[in-house]
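One point on numbering: in full-length UniProt numbering, the residue at position 238 of the sequence shown is 238, and numbering is uninterrupted.
Here a beta-carbon is modelled for each residue, glycine too, at the ideal position from N, C-alpha and C.
Below is one structure, written out as structure tokens, with a few remarks after it.
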Amino acid sequence: MLKKLKIRYPNAEIKTSPTNLSNMIWFFIDEDQKYFGIPLNEITPSEIELLKALFPTTHNRIDLNTSCQSKKWFDYLFNDHPALPDEDVKKSFRIIQFSISQSEETLDVKSWEEAIKALFPHEVAIVFSSEKEGIIIEEKKAYILSLQELQTSIKTLESDFFFAIHFYLGGFYSIYDLKSMFQLEQSFFRFAHKEMTRERIFSLTNVLPLYLLKNTPNKLRASFFASIFEIFKEDKELRRTIKLYIENNSNASLTAKQLFLHRNSLQYRIDKFVEKTGFDLKSFPNVLIVYLACIDFEYLQ
């Protein structure tokens with residue numbers, strides 16, 4: 001698809017993240033996981049409408065960013081603007097990406113910004129990249145918003161605004177590294193959207209294992225996890241049991257409670273798994289392999 005578009009628009013650019021949004025319109029090509037940018041003076045309104053019907057678009061949304069701070073962050077992160085925002089270069093920041101599902105409701109930008117800012121104990125910058133997507137820029141301080149707090153808040157936000165919301169919780173970086181790491185985290189967010197459809201909140205912790213597995217040849221994965229897959233196919237509930245047990249740091253009482261099982265019944269399932277696969281769940285290297293197998297079986301099989 002990209003080759004065909006490039007023939008039609010020879011001056012177009014192909015990137016992993018859109019830039020120069022003031023002078024170009026960008027379309028996300030899902031099959032290639034790349035953005036295709038066309039100079040606005042080289043595409044007609046009818047061609048724009050046709051491509052919009054086929055691909056998600058990113059254009060100049062600086063009109064949604066009303067404060068001087070958000071405009072400067074927008075220019076730095078989304079345009080080819082070399083100047084750093086007016087921030088102390090010694091500080092660290094992280095970017096929390098958000099994406100709003102398609103909805104007939106028009107986003108009330110002011111109410112959305114107020115709701116987001118209320119989640120944080122300190123000032124944050126909110127920058128829109130489109131009508132449905134944007135970022136929250138949080139400075140690293142003594143207290144920062146936790147993943148658990150964000151998970152708790154998402155239900156309230158969805159009930160207040162009547163659409164589904166997805167977040168990607170980025171890492172903290174110096175302002176010099178922030179732009180390049182943001183572009184990498186954008187690719188993780190797109191990947192998670194496509195591959196982890198049941199999840200609402202993403203971070204490196206839950207995206208990277210699947211990302212690495214997805215980029216490992218199928219034959220290798222099948223060989224690595226053969227004995228584990230065999231028992232998961234025999235007992236569909238066992239994968240969920242083992243995965244939750246690992247996520248609960250081998251806390252059998254908590255896992256049994258969450259699965260509505262007697263502790264002895266849970267222990268029987270765990271012992272059965274260890275006996276049939278040979279993977280000892282008290283050994284960290286073994287646990288790592290089993291957990292990757294659980295993720296592979298859940299998302300890729």
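Could you tell me the alpha carbon to alpha carbon distance between residue i and residue j, rounded to whole angstroms?
{"i": "K117", "j": "V124", "result": "7 Å"}
{"i": "I144", "j": "A164", "result": "24 Å"}
{"i": "D88", "j": "Y173", "result": "13 Å"}
{"i": "Y76", "j": "D177", "result": "12 Å"}
{"i": "T19", "j": "I25", "result": "9 Å"}
{"i": "A2", "j": "L259", "result": "First, the residue type needs correcting, since residue 2 is Leu and not Ala in the sequence shown. Each residue's alpha carbon lies about 47 Å from the other."}
{"i": "P285", "j": "C294", "result": "14 Å"}
{"i": "I62", "j": "D296", "result": "Note that I62 has pLDDT 47, beneath the 50 cutoff, so the model's placement of it is unreliable and the number below is only indicative. Distance between the alpha carbons of I62 and D296 is about 40 Å."}
{"i": "P85", "j": "Q301", "result": "45 Å"}
{"i": "I175", "j": "F120", "result": "20 Å"}
{"i": "L208", "j": "N215", "result": "11 Å"}
{"i": "K140", "j": "S92", "result": "6 Å"}
{"i": "S265", "j": "R198", "result": "28 Å"}
{"i": "L244", "j": "T255", "result": "7 Å"}
{"i": "V274", "j": "R221", "result": "20 Å"}
{"i": "G134", "j": "E47", "result": "26 Å"}
{"i": "K52", "j": "L212", "result": "32 Å"}
{"i": "D30", "j": "F191", "result": "10 Å"}
{"i": "S223", "j": "N248", "result": "27 Å"}
{"i": "D32", "j": "S187", "result": "12 Å"}
{"i": "P217", "j": "L210", "result": "13 Å"}
{"i": "N23", "j": "E131", "result": "18 Å"}
{"i": "W73", "j": "E42", "result": "28 Å"}
{"i": "T277", "j": "A252", "result": "19 Å"}
Does DSSP put residue i in a helix, a strand or coil?
{"i": "K276", "result": "helix"}
{"i": "Y291", "result": "helix"}
{"i": "Y35", "result": "strand"}
{"i": "L2", "result": "helix"}
{"i": "S92", "result": "strand"}
{"i": "I62", "result": "Only weak support exists for where I62 lies, its pLDDT of 47 falling under 50; the value from the coordinates is given anyway. DSSP places I62 in helix when its eight states are reduced to three."}
{"i": "K15", "result": "strand"}
{"i": "I242", "result": "helix"}
{"i": "I29", "result": "strand"}
{"i": "A118", "result": "coil"}
{"i": "I144", "result": "coil"}
{"i": "Q301", "result": "coil"}
{"i": "E113", "result": "helix"}
{"i": "S253", "result": "helix"}
{"i": "P85", "result": "coil"}
{"i": "L107", "result": "coil"}
{"i": "N264", "result": "helix"}
{"i": "residue 356", "result": "Only positions 1 to 301 of the chain appear in this structure, which leaves residue 356 out of reach."}
{"i": "T156", "result": "helix"}
{"i": "N286", "result": "helix"}
{"i": "residue 302", "result": "In the structure as shown, the chain begins at 1 and stops at 301. Residue 302 is therefore absent and cannot be evaluated."}
{"i": "D75", "result": "helix"}
{"i": "D80", "result": "coil"}
{"i": "S67", "result": "coil"}
Taking only beta-carbon atoms, is residue i less than 8 Å away from chain C?
{"i": "C68", "result": "The structure shown has no chain C; it contains just one protein chain."}
Kindly give me the distance between the Cβ atoms of residue i and residue j, rounded to whole angstroms, as I take these residues to be in contact under 8 Å.
{"i": "G170", "j": "I95", "result": "4 Å"}
{"i": "V287", "j": "I228", "result": "About 12 Å separates the two Cβ atoms, so there is no contact after all."}
{"i": "S129", "j": "F78", "result": "6 Å"}
{"i": "I100", "j": "E113", "result": "Actually they do not touch by this definition, with Cβ atoms about 13 Å apart."}
{"i": "F167", "j": "I137", "result": "Not confirmed; about 14 Å, so no contact."}
{"i": "T57", "j": "F27", "result": "5 Å"}
{"i": "S250", "j": "L281", "result": "7 Å"}
{"i": "P39", "j": "N11", "result": "6 Å"}
{"i": "L238", "j": "R269", "result": "6 Å"}
Could you please give me the residues that DSSP links to residue i through a beta bridge?
{"i": "M24", "result": "P39"}
{"i": "V127", "result": "I135"}
{"i": "F98", "result": "G134, F167"}
{"i": "I7", "result": "The partner list for I7 (beta bridge, DSSP) is empty, contrary to what the question assumes."}
{"i": "T57", "result": "F27"}
Length at least 4, wholly inside the region 166 to 237: the alpha helix (DSSP H) runs in chain order:
The region 166 to 237 contains, as complete alpha helix (DSSP H) runs of 4+ residues, the segments 175 to 195, 204 to 214, 218 to 224, 226 to 234 (chain order).
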